[in-house]
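Undergrad:
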Amino acid sequence: MSSRRDFMGMALGGFAALGGIAALYAAKRTWDPLPSVKAGGFTTIDLSAAKENELAVEKWRGKPIFILKKNASMPKSDRDVVVGGNHYLVVIGSCTHLGCIPAYLPGDLMFKCACHGGEFNTAGVNTFGPPPRPLDIPPFKISGTSLVLGESGPEYEKMLAAGLTQSV
Ligand code: FES
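At position 63 of the sequence shown (counting the first as 1) the number is 63 in my numbering, and the numbers step up by one without a gap.
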């Protein structure tokens, strides 16, 4: 009897482990859809794989980085990263109020922070609630169709000088 219970326990444990792996795989696919290479504090991301109005989330120095390729209906912004004629939102996915990770609502073209209701538009600019400033833009450099996070290129320096983001 006890060996039957052991077998059932093992079988159930196996199912649970499989479920866990499936969940991790699904999360990985949702959170890291763009090809990227990490080396020496830099993350190089191939933007050519990005799909319009589909949020990609990268990780850079322990922070979530939101990358959103804009479609024709989204307003362009001076905060956009422009690569190959395409506009991208590239921001640190950490709410400027108290640091929660906002969710992207593709139907509403906005980010919503569940913690205290803060909202940001597709330029990453705070539009509602307690967040005191736009989502921060990480240092970046454009290299062909790739984005190098962690390096300050001229486009990023220009945004800093114009006060469109603060240095992080
Ligand atoms: S942490 Fe986002 S609104 Fe408070």
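Even glycine gets a Cβ: it sits at the ideal position worked out from N, Cα and C.
#1: Among the candidates 107, 130, 106, whose CA atom is the shortest distance from the CA of residue 116?
#2: So, at 8 angstroms on beta carbons, what are the nonlocal neighbours of residue 128 in its own chain, with the 5 sequence-adjacent residues on each side left out?
#3: Decide if the region 83-94 is in contact with the region 35-44; the criterion is three or more beta carbon pairs, one per stretch, under 8 angstroms apart.
#4: Is it buried or exposed for residue 108, if we count other Cβ within 10 angstroms and need 16 for buried?
#5: For residue 166, which residues in the same chain have their Cβ closer than 7 angstroms to its Cβ, ignoring the five residues on either side in sequence?
#6: Please work out which residues of its chain come closer than 8 angstroms, Cβ to Cβ, to residue 74, disregarding the five sequence neighbours upstream and downstream, and give them in chain order.
#7: According to DSSP, what are the bridge partners of residue 64?
#8: Less than 8 angstroms separating the beta-carbons of residue 149 and residue 45?
#9: Pull up the distance between the alpha-carbon of residue 143 and that of residue 82, whole angstroms please.
#10: Quick one: what's got a C-beta closer than 8 angstroms to residue 34's C-beta in the same chain, skipping five residues either side?
#11: DSSP state of residue 160, grouped into three classes?
#12: So for residue 49, helix, strand or coil by DSSP?
#13: Might you give, ordered along the chain, the residues of its own chain that have their beta carbon closer than 8 angstroms to the beta carbon of residue 106, omitting 5 neighbours on each side?
#14: Would you kindly work out how many angstroms separate the C-alpha atoms of residue 71 and residue 90, rounded to a whole number?
TA: With the structure as the only source:
#1: 130
#2: 117, 118, 119
#3: no
#4: exposed
#5: 136
#6: 53, 87, 109, 122
#7: 59
#8: yes
#9: 11 angstroms
#10: 45, 46, 47, 49, 50, 56, 58, 67
#11: helix
#12: helix
#13: 53, 54, 55
#14: 14 angstroms
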